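Asker:
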Amino acid sequence: MENKTINSQETLILSNYVFVKMLDKIVTQFKVKYKVESHINDTQLFGFGNFDTTKPCLKEEFQTIVRQYVNGKYLYNKHREATTGKPLIKISKSYKYVFFKYLGFSNVYDFIDQDFIPKKQKKKQLELLNKENTSKDYYFVSYYLGEDRHMNKGQVLIYNDWKTVEMKYAYEEGDASIQIYSFFGNIIKSENLIHFNTKFFAGDKKIEGAKFIFFVGKSAPTERHYLIGTYAGFDKYDQTVAGKMILKKMDSKTEMEDEALSNDFNPLMSQELIGNRIVVESNIRKNPLLFSKKSPYAEVLTRITGSYEFTFQTNDEEYVLGSRIQPKHYGIVSLQESIILEDEKVSVLNKGQILNLDFTISGMFYLQKVSIYIATYYFIDSSLEPQGKFTGVDINNNIVTGTIKMKNLD
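Residues 31 to 440 (the numbering used here) make up the sequence shown, in order.
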């Protein structure tokens, strides 16, 4: 029989017959090795729950083969699936070799080539393997704004017809060594989106990793050369983070690895990702005034909402724009139907002394982008008309500066 090489990254699908036969052989060999003649309960045999770590179990046997953590309950759970009559048993890439290696076989092909597997069952299992081997892997490089506000890249490997994902991120440590962080997970498709739900191993524990959502639209994800979405998880400093991520499709695994490990960044990626990252400090504050350095000055925001007539003055020219700062969520909207305000941002600076308004302007208006700075004491004393400075870009793409006044229309 021809001995084929299985793609080490894919899930292995076994027929119920082959899995049960494999499990019977494993248990028999274990009992013979340790001369177990009486009944042994499942928790001790497989090595999970309250098993005795001083006594033999399959968990320890498998760990000596792979030299890393093995989930003792994994094989037991697969055993339960088989006993309920499930026709196909899926073995993940983390376990697909250890079971056969324990029995002295290189892979599943060697196992089913033995005389104890009937020809009919061999044929059925080969059909499953051939079908499995036709599934194509896909390779992407992920781009995102990472720790210390530095651009980062990662490797994204898609397996099993977009059912499973592996993600690898390399960080250079202080001694110039490279630390690899690996995540594994499932891919879920819903409407126009795909979701990556990942986990990772920390010692002997499997821990929840980051969550990713990408837009694919009505087309298949295999048709997309780029995917744009968001991630939420934690970084290497154990801070909760979220942000924007771009995936770029690569033609091969080698091309993906070369790009991911290079220090060059396409400026198109950097432009889209710079600033698109949220970091939540890893501490719990009892008083909300201690959430951040800005928190004690949040009260200022409650005094600035309302409708205003913005008068921009530059080079002896004045340009008037009606707008409203909305209460509660502090968005800035235009009062003129022909003008749209976008990318707006409202914040207080310099320990609450300065109000900063940023927005872009779409429509027939002299200014197209502005940043406004006004002292907040104007909003504390209602008898004063707020005024300050602005910088911006005019309709001719010239950088302009000037003064601004805000007349309250309420």
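Positions of the beta carbon are idealized from the N, C-alpha and C atoms, including for glycine.
Predicted, not measured: the structure shown is a model, and the values here were computed from it.
With DSSP as the reference, identify every bridge partner of M280, one or two as the case may be.
Answerer: Along the sequence shown, one-based indexing puts residue 280 at 250. DSSP, once it has assigned bridges, lists Y169 as partnering M280.
Asker: Figure out for me which residue from V66, L371 and E329 has the closest Cα to the Cα of S392.
Answerer: Against the sequence shown, residue 392 aligns to sequence position 362. Of the candidates V66, L371 and E329, the one whose C-alpha sits nearest the C-alpha of S392 is L371.
Asker: For V309 and G382, which I take to be in contact (beta-carbon distance under 8 angstroms), what is that distance rounded to the nearest angstrom?
Answerer: Taking the sequence shown and counting its residues from 1, the one referred to as residue 309 is at position 279. Taking the sequence shown and counting its residues from 1, the one referred to as residue 382 is at position 352. About 22 angstroms separates the two Cβ atoms, so there is no contact after all.
Asker: Are the segment 418–435 and the segment 335–346 in contact at 8 angstroms, needing three or more beta carbon pairs?
Answerer: Yes, they touch.
Asker: Considering only DSSP beta bridges, list what K183 is partnered with.
Answerer: Here residue 183 refers to the residue found at position 153 when the sequence shown is read from its first residue. DSSP output for K183 lists Y173 as bridge partner(s).
Asker: Does the Cβ-Cβ distance between G273 and Y201 come in under 8 angstroms?
Answerer: Position 243 of the sequence shown, counted from the first residue, corresponds to residue 273. Position 171 of the sequence shown, counted from the first residue, corresponds to residue 201. It is not a contact, given that the beta carbons lie outside the stated cut-off.
Asker: Does Q185 pass the burial test, meaning 16 or more other C-beta atoms within 10 Å, or should it be called exposed?
Answerer: Residue numbering aside, residue 185 sits at position 155 when the sequence shown is read from its first letter. That one is buried.
Asker: Which value, in whole angstroms, describes the spacing of the CA atoms of F245 and Q59?
Answerer: As a first step, residue 245 must be located in the sequence shown, where it is residue number 215. As a first step, residue 59 must be located in the sequence shown, where it is residue number 29. The straight-line gap from Cα to Cα measures roughly 49 angstroms.
Asker: Quick check on DSSP: helix, strand or coil for K51?
Answerer: Position 21 of the sequence shown, counted from the first residue, corresponds to residue 51. Three-state result, K51: helix.
Asker: May I ask which residues mark the beginning and end of the beta strand (DSSP E) holding M197?
Answerer: Taking the first residue of the sequence shown as 1, we reach residue 197 at position 167. Taken as a continuous stretch (DSSP letters only), the beta strand (DSSP E) holding M197 covers T194 to E202.
Asker: When DSSP labels each residue in this structure, what does V96 get in the three-state scheme?
Answerer: By 1-based counting over the sequence shown, the position of residue 96 is 66. Helix at V96.
Asker: For L435, which beta-bridge partners are listed by DSSP?
Answerer: Numbered from its first residue, the sequence shown carries residue 435 at position 405. In the sequence as presented, Leu is not what sits at residue 435; that position holds Lys. Paired residues: T341 and Q417.
Asker: Specify, as a first and last residue, the run of the alpha helix (DSSP H) that T73 falls within.
Answerer: One-based indexing of the sequence shown puts residue 73 at position 43. Note, T73: alpha helix (DSSP H), D72 to F76.
Asker: Check each candidate in K154, Y168, D424 and E415 and name the one with the smallest Cα separation from E339.
Answerer: Position 309 of the sequence shown, counted from the start, is the residue given in the question as residue 339. Nearest C-alpha to E339: E415.
Asker: Could you check if K126 is buried or exposed, using at least 16 other CB atoms within 10 Å of its CB as the buried criterion?
Answerer: Here residue 126 refers to the residue found at position 96 when the sequence shown is read from its first residue. Answer is buried; the Cβ neighbour count reaches 16.
Asker: Within 10 angstroms of its Cβ, does R179 collect 16 or more other Cβ (buried), or is it exposed?
Answerer: As a working mapping, residue 179 is identified with position 149 in the sequence shown. Exposed is the call here.
Asker: In this structure, how does DSSP classify Y189 when only helix, strand and coil are distinguished?
Answerer: Translated into the one-based positions of the sequence shown, residue 189 becomes position 159. In this structure, Y189 counts as strand in the three-state DSSP scheme.
Asker: Below 8 angstroms between beta carbons: does that hold for V195 and G215?
Answerer: One-based indexing of the sequence shown puts residue 195 at position 165. One-based indexing of the sequence shown puts residue 215 at position 185. In this structure, G215 lies closer than 8 angstroms to V195 by Cβ.
Asker: Kindly list the residues whose CB is nearer than 6 angstroms to the CB of P357, restricted to its own chain and excluding five residues on each side of it in sequence; keep chain order.
Answerer: Counting from one through the sequence shown, the residue named residue 357 turns up at place 327. Contacts found: T335.
Asker: Can you give me the Cβ contacts of D373 inside the same chain, cut-off strictly under 8 angstroms, excluding the 5 residues immediately before and after it?
Answerer: By one-based count along the sequence shown, residue 373 stands at place 343. The residues are D388, F389 and T390.
Asker: Between which two residues does the beta strand (DSSP E) holding T228 run?
Answerer: Position 198 of the sequence shown, counted from the start, is the residue given in the question as residue 228. Looking at the DSSP string, the run of the beta strand (DSSP E) that includes T228 is L223 to A232.
Asker: What residue range is occupied by the uninterrupted alpha helix (DSSP H) comprising L303?
Answerer: On the sequence shown, position 273 is the one that residue 303 refers to. L303 -> alpha helix (DSSP H) spans P297 to L303.
Asker: Spatial neighbours of Y327 within its chain, please: CB distance less than 6 angstroms, with the 5 preceding and 5 following residues excluded, ordered by chain position.
Answerer: Position 297 of the sequence shown, counted from the first residue, corresponds to residue 327. Same-chain partners within the cutoff: V378 and G382.
Asker: Report the option in Y139, M286, M197 and H225 whose CA atom is closest to the CA atom of L44.
Answerer: Stepping through the sequence shown from its first residue, residue 44 is reached at position 14. Checking every option, the nearest Cα to that of L44 belongs to Y139.
Asker: In the DSSP assignment, the alpha helix (DSSP H) including S128 goes from what residue to what residue?
Answerer: Mapped onto the sequence shown, residue 128 falls at position 98. A small correction: the amino acid at residue 128 is Val; Ser does not occupy that position in the sequence shown. Per DSSP, V128 belongs to the alpha helix (DSSP H) from V128 to Y132.
Asker: Check each candidate in K183, N107 and W192 and name the one with the smallest Cα separation from A290.
Answerer: Reading the sequence shown from its first residue, position 260 is the one you call residue 290. Minimum Cα distance to A290 is reached at K183.
Asker: Given this structure, state the Cα-to-Cα distance separating V62 from K103, to the nearest angstrom.
Answerer: Within the sequence shown, residue 62 is the residue found at index 32, counting from 1. Within the sequence shown, residue 103 is the residue found at index 73, counting from 1. The straight-line gap from Cα to Cα measures roughly 21 angstroms.
Asker: In whole angstroms, what separates the C-alpha of Y208 from that of R354?
Answerer: Reading the sequence shown from its first residue, position 178 is the one you call residue 208. Reading the sequence shown from its first residue, position 324 is the one you call residue 354. A quick correction: the sequence has Ile, not Tyr, at residue 208. Spanning the two alpha carbons is a distance of roughly 51 angstroms.
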